[in-house]
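Numbering (this note's numbering), first residue to last: 5 to 213.
Set out below in structure tokens:
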């Protein structure tokens with residue numbers, strides 16, 4: 005799950021950079037976004053499965069986020085098709101899907117509301133106390149990017165284009181930080197089945213040895 009989210013986040017992190025698009029071209033850049041959305045969907049599906057049997061808030065957060073990834077699949081595929089068939093399509097390869105961004109934002113709010121907090125601030129001290137806040141921040145960046153990208157390329161300016169690109173990259177960086185933290189420790193607030201899976205893994209290793 006964490007590896008899928010990490011790969012997907014990395015794709016959305018490098019995709020918006022103008023230097024990357026200039027290097028590989030708009031078609032390959034659009035493919036990067038589509039591949040990233042597929043990994044997001046894979047990670048989201050595994051996250052839903054891992055959250056079954058856990059807190060209801062974790063299941064809702066994972067489910068809503070997983071639905072958002074499906075919207076991204078549709079829009080990134082459409083952008084990829086357009087970019088590959090139209091050589092002049094080079095102003096904005098992909099804009100964050102409005103419905104997908106809303107799903108991500110709702111999911112981030114649910115996860116943050118269920119996390120230990122002191123008022124609006126996250127409660128420090130617990131392992132990975134910062135992850136729900138950083139995840140929510142990433143969702144906010146994606147939302148800003150969706151709003152900025154909505155006015156590009158028809159009546160938008162280069163400032164709108166930059167806002168869409170940079171907020172997409174910042175949001176992806178937040179998601180990447182959470183995914184890498186989960187990869188390093190194996191801990192995730194939405195993975196209720198983590199302990200049973202680890203017990204099964206240990207049993208398999210013991211049997212193999």
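By construction, the Cβ of each residue, glycine as well, lies at the ideal position given by its N, Cα and C atoms.
Take the Cβ of residue i as the centre, count every other Cβ of all protein chains shown within 10 Å, and call the residue buried at 16 or more, exposed below.
| i | result |
| --- | --- |
| residue 78 | exposed |
| residue 189 | exposed |
| residue 56 | exposed |
| residue 159 | The predicted position of residue 159 is uncertain, since its pLDDT is 49 and thus under 50; no value can be drawn from it. |
| residue 153 | buried |
| residue 13 | buried |
| residue 45 | buried |
When you compare only the Cα positions, how much space is there between residue i and residue j?
| i | j | result |
| --- | --- | --- |
| residue 162 | residue 33 | With a pLDDT of 48 at residue 162, under the threshold of 50, the modelled position of this residue cannot be trusted; read the value that follows with caution. The alpha-carbon atoms of residue 162 and residue 33 are separated by roughly 19 Å. |
| residue 148 | residue 126 | 22 Å |
| residue 201 | residue 146 | Confidence at residue 201 is low in this model, with a pLDDT of 49, below 50, so the placement of that residue should be treated as unreliable; the coordinate-derived value is given next. So the two alpha carbons sit approximately 32 Å from each other. |
| residue 121 | residue 29 | 45 Å |
| residue 181 | residue 144 | 15 Å |
| residue 19 | residue 100 | 12 Å |
| residue 171 | residue 15 | 14 Å |
| residue 123 | residue 64 | 22 Å |
| residue 134 | residue 25 | 32 Å |
| residue 102 | residue 50 | 23 Å |
| residue 187 | residue 54 | 15 Å |
Answer yes or no: do residue i and residue j have a C-beta to C-beta separation smaller than 9 Å?
| i | j | result |
| --- | --- | --- |
| residue 17 | residue 176 | yes |
| residue 11 | residue 37 | no |
| residue 47 | residue 73 | yes |
| residue 179 | residue 129 | no |
| residue 68 | residue 110 | yes |
| residue 21 | residue 173 | yes |
| residue 6 | residue 59 | no |
| residue 62 | residue 107 | no |
| residue 9 | residue 183 | yes |
| residue 115 | residue 140 | yes |
| residue 66 | residue 132 | no |
| residue 80 | residue 23 | no |
Give me the Cβ distance between residue i and residue j, rounded to the nearest whole Å; I'm assuming they're in contact under 8 Å.
| i | j | result |
| --- | --- | --- |
| residue 112 | residue 75 | In fact, because the Cβ distance is near 15 Å, the residues do not count as touching under 8 Å. |
| residue 35 | residue 84 | 6 Å |
| residue 87 | residue 31 | 5 Å |
For the segment 6 to 51, which segments carrying the alpha helix (DSSP H) assignment without a break, of at least 4 residues, lie completely within its bounds, in sequence order? For the segment 6 to 51, whole alpha helix (DSSP H) runs of length 4 or above, ordered along the chain, are 6 to 18.
In chain order, which alpha helix (DSSP H) runs of at least 4 residues are fully inside the segment 49 to 129? Within the segment 49 to 129, complete alpha helix (DSSP H) segments of at least 4 residues are found at 60 to 89, 102 to 118, given in chain order.
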